[in-house]
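Presented below is the structure to which this report refers.
In the working numbering, the protein residues as written are 1 to 211.
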């Protein structure tokens, strides 16, 4: 996940274009759609606009960006994009196959809804654990990428607390933090595109905290 930091010369030697701006854009858009739904902004919509994009854009396209990062020999970008591509595909499948299905025999609809809420809490807790060491590792990339993982860490923590506690207000707060995460990711993606086009830094991303 280079995003045109001070390692531009190394990226220029790569046989393929930097896939990070694409992966970040895919992550940002899907995160924005889901977070807007969690924030209760989609009052005149189904709130499920993110699901198909969880398969196609945040999922498949981000997963492809991760595969291209393997080609770039970028272990951080490959791990981040592939994992969160899988996250979106898995979450969309879970919605369709588990949460969207009928309750098991002998389980009421209300009880099943409570159980699926706990499912989401466990899913988000697991990804928060993964995100924690990626957040630490992102300190060696640049400030913008660190900002993506920092806001994402906050989003996952607030949301898993909200789903474990079945607290709609906390989930809504997680939606607001998620929107911030999407905006930071979009900024970082735009920096990669613009800096890549110009061959120099025109949109700042900041220096790594550690080397």
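Heads up, the beta-carbon is just placed ideally off N, CA and C, and yes, glycines get one too.
Note that this is a predicted model, so its numbers are computed, not measured.
In chain order, what residues of the same chain have a beta carbon less than 8 Å from the beta carbon of residue 153, not counting five sequence neighbours either side?
-> Position 153 of the chain shown, counted from the first residue, corresponds to residue 153. Contacts found: 128, 131, 132 and 135.
Beta-carbon proximity of residue 92 to residue 51, cut-off 8 Å | Within the chain shown, residue 92 is the residue found at index 92, counting from 1. Within the chain shown, residue 51 is the residue found at index 51, counting from 1. A contact, by the Cβ cut-off of 8 Å.
For the region 29 to 39 against the region 187 to 202, are there 3 or more C-beta pairs whose distance is under 8 Å?
-> Because the criterion of three Cβ pairs below 8 Å is not met, the region 29 to 39 and the region 187 to 202 do not touch.
Proximity below 8 Å, CB of residue 68 to CB of residue 16 | Mapped onto the chain shown, residue 68 falls at position 68. Mapped onto the chain shown, residue 16 falls at position 16. If you check the CB distance, residue 68 and residue 16 come in under 8 Å.
Enumerate in chain order the residues of its own chain whose CB-to-CB distance from residue 175 is below 6 Å, with the five nearest sequence positions on each side excluded.
-> The residue labelled residue 175 in the question sits at position 175 within the chain shown. In the same chain as residue 175, and ignoring 5 residues on each side of it, the C-beta atoms closer than 6 Å to its own belong to 35, 38 and 39, in chain order.
Leaving out the 5 sequence neighbours to the left and right, which residues in its chain are closer than 7 Å to residue 189 when beta-carbon positions are compared?
-> Position 189 of the chain shown, counting from 1, holds the residue named residue 189. Here the set comprises 21, 24, 25 and 28.
Can you name, in chain order, every residue of its own chain whose Cβ lies under 7 Å from the Cβ of residue 57, other than the five neighbours on each side?
-> To locate residue 57, count along the chain shown from 1; it is residue 57. Excluding positions up to five away in sequence, the list reads 26, 29 and 30.
Please name the residue, chosen from 157, 85, 114 and 70, that lies closest to residue 53 on a Cα-to-Cα basis.
-> As a position in the chain shown, residue 53 is number 53, starting the count at 1. Of the candidates 157, 85, 114 and 70, the residue whose Cα lies closest to the Cα of residue 53 is 85.
Is residue 142 closer than 8 Å to residue 206 when the C-beta atoms are compared?
-> Taking the first residue of the chain shown as position 1, residue 206 is located at position 206. Taking the first residue of the chain shown as position 1, residue 142 is located at position 142. A contact, by the Cβ cut-off of 8 Å.
Residue 122 lies in the alpha helix (DSSP H); which residues open and close that run?
-> The residue given as residue 122 occupies position 122 in the chain shown. Unbroken alpha helix (DSSP H) run through residue 122: 109 to 137.
Ordered along the chain, which non-local residues of its own chain (more than five positions away) have a Cβ less than 6 Å from that of residue 148?
-> One-based indexing of the chain shown puts residue 148 at position 148. Within the same chain, residue 148 has close Cβ partners 184, 185 and 188.
Could you spell out where the alpha helix (DSSP H) holding residue 42 opens and where it closes?
-> The count along the chain shown starts at 1 and reaches residue 42 at position 42. From DSSP, residue 42 is part of no alpha helix (DSSP H); its letter is neither H nor E.
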